[in-house]
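Structure record follows, encoded as structure tokens.
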Amino acid sequence: MEALTPQSQGFETFKRSLARIFHSNGTVVGAGFAIAPGYLITCAHVVTAALSLPADSQDSPQQPIELEFLLAAQGERVTGQVVAWLPYKVAIDAPSLANPADIAILKLDRTPETITPVTVGEGAWGHQFRILGFPTGVPVGNLKCGTDVPRSPPRR
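Residue numbers (this note's numbering): 1 to 156.
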């Protein structure tokens with residue numbers, strides 16, 4: 001697996017797949033990634049934040065979500081619609097390994113030509129990673145680095 005450095009092809013793909021997701025008031029509420037032409041993956045709680053819905057909402061939202069591929073198509077807004085919804089199945093502040101969730105897949109109304117979907121590799125345990133998100137108050141994003149390690153199995 002190639003190291004993800006600013007000079008690597010993987011980093012270029014990462015930059016061309018990253019989207020920031022907006023609330024209707026224009027505030028950035030989270031991130032997502034293009035995973036196939038016309039499709040984006042994000043967290044369900046990001047979608048609920050974008051639409052001012054309760055974070056633990058179980059029903060698939062029907063409202064459109066506005067997003068932008070900041071590093072590949074800055075200023076070009078795209079609209080997404082939820083087509084797959086795996087919300088929290090437990091309290092949002094107490095995630096469970098038995099009921100993992102918090103995933104939303106959006107179908108985009110169009111895909112800017114400069115977008116390249118990310119691919120998911122195998123055997124990532126022990127590899128270094130970088131992740132970019134858009135926490136509250138940081139609309140340009142925040143980069144974090146670390147090493148991927150498997151979680152210990154839950155105790156019974």
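All C-beta atoms in this analysis are idealised placements derived from N, C-alpha and C, irrespective of residue type, glycine included.
Tell me the rounded alpha-carbon separation between residue i and residue j.
| i | j | result |
| --- | --- | --- |
| residue 34 | residue 69 | 9 Å |
| residue 218 | residue 55 | No answer is possible for residue 218: it lies beyond the span of the chain, which begins at 1 and ends at 156. |
| residue 145 | residue 11 | 13 Å |
| residue 137 | residue 72 | 22 Å |
| residue 107 | residue 87 | 17 Å |
| residue 117 | residue 63 | 24 Å |
| residue 52 | residue 45 | 10 Å |
| residue 29 | residue 14 | 19 Å |
| residue 61 | residue 24 | 14 Å |
| residue 110 | residue 140 | 23 Å |
| residue 19 | residue 85 | 18 Å |
| residue 42 | residue 26 | 18 Å |
Give me whichever residues DSSP pairs with residue i in a beta bridge.
| i | result |
| --- | --- |
| residue 32 | 19 and 42 |
| residue 104 | 42 and 85 |
| residue 77 | 68 |
Checking 8 Å against the spacing of the C-beta atoms, do residue i and residue j come in under that value?
| i | j | result |
| --- | --- | --- |
| residue 76 | residue 112 | yes |
Quick check on residue i - is its C-beta less than 8 Å from some C-beta in chain C?
| i | result |
| --- | --- |
| residue 75 | In the displayed structure, chain C is absent; only one protein chain is listed. |
Grab me the residues of residue i's own chain with a C-beta within less than 8 Å of its C-beta, minus the 5 sequence neighbours each way, in chain order.
| i | result |
| --- | --- |
| residue 114 | 16, 69, 72 and 73 |
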